[in-house]
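Read through the structure below, which is laid out as structure tokens, and then see the notes.
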Amino acid sequence: MRYIFGLGGIAAFAAALLSAEPWPAAADISTTGTSGIGPFTQSQVDNGRVAYNANCAGCHGYNLQNGTHRTPLIGQPFIVGWGQRSTWEYYRYISYRMPNNAPNSLTPGTYTNIIAYILAANGAQPGSEIMTPETAVRIDTIADGIVREPVLAGNSQPQ
Ligand code: HEC
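Note that this note's numbering gives residue 124 to position 114 of the sequence shown, counting from 1, and the numbers run on in steps of one.
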């Protein structure tokens with residue numbers, strides 16, 4: 011990945027999207043999150059909540075499950091859909107396609123914060139590792155899809 015930073019004038023994120031970046035092999039996807047500790051910090055969760063409310067809640071709901079788009083981002087639908095996939099893949103899906111009306115419009119840091127928030131709402135615990143776009147951890151080794159209401163608490167209103 012380091013080579014992308016050598017491309018003068020092209021933002022690292024744009025280069026990352028355009029480069030023939032290899033899909034992580036199964037062996038490269040960490041499954042060491044079995045303790046439930048996620049590869050993200052509490053600060054990312056807190057910032058992600060604000061960014062989610064500003065950029066995603068309009069379609070997916072402030073509780074992540076009842077917006078105009080009916081596929082919930084939390085609970086069993088999340089684990090069934092994403093549990094066996096990695097945070098790396100989840101980042102790509104969201105950054106390439108969301109917000110649905112403005113794909114790729116947020117910074118990498120904002121996308122990782124939002125993902126940290128979604129993971130925490132699904133039971134993953136914040137830790138000391140800062141999530142980046144390259145973080146690849148199998149999702150069902152850190153999240154169980156049991157909705158953590160305290161993570162969502164206070165989230166019924168835009169912040
Ligand atoms: C303008 C409405 C809109 C906004 C804003 C929006 N989404 Fe979506 N989202 C959709 C629609 C519609 C789909 C189904 C998309 C599809 O099938 O291509 C979707 C699908 C998804 C999915 C896949 C759900 C699943 O498991 O099948 C995820 C994850 C997601 N959105 C996350 C986000 C995040 C995170 C944001 C904010 C950065 C966001 N969305 C903003 C409309 C929106």
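Every residue, glycine too, gets a C-beta built ideally from N, C-alpha and C. Small disclaimer: the values here were computed from a predicted structure and weren't measured.
Mapping DSSP to helix, strand and coil, what is Ser115? On the sequence shown, residue 115 is found 105 positions in, with the first residue counted as 1. Three-state result, Ser115: coil.
For Gly46, count the other beta carbons within 10 Å of its own beta carbon; 16 or more makes it buried, fewer makes it exposed. Which is it? Here residue 46 is taken as the residue at index 36 of the sequence shown, counted from 1. It is exposed - the Cβ of Gly46 has fewer than 16 other Cβ atoms within 10 Å.
- Would you list, in sequence order, the uninterrupted alpha helix (DSSP H) runs of no fewer than 4 residues that lie entirely inside the segment 92-138? 97-107 and 118-131
Name, in chain order, the residues that DSSP records as bridge partners for Arg148. Translated into positions along the sequence shown, residue 148 becomes position 138. Per DSSP, Ser96.
_Among Val55, Pro113 and Pro136, nearest to Arg102 - alpha-carbon criterion_ = If you number the sequence shown from 1, residue 102 lands on position 92. It is Pro113 whose Cα lies nearest to the Cα of Arg102.
* Asked: In terms of alpha-carbon separation, which member of Leu162, Glu159, Ala36 and Arg158 lies closest to Ser96?
  -> By 1-based counting over the sequence shown, the position of residue 96 is 86. Closest by alpha carbon: Ala36.
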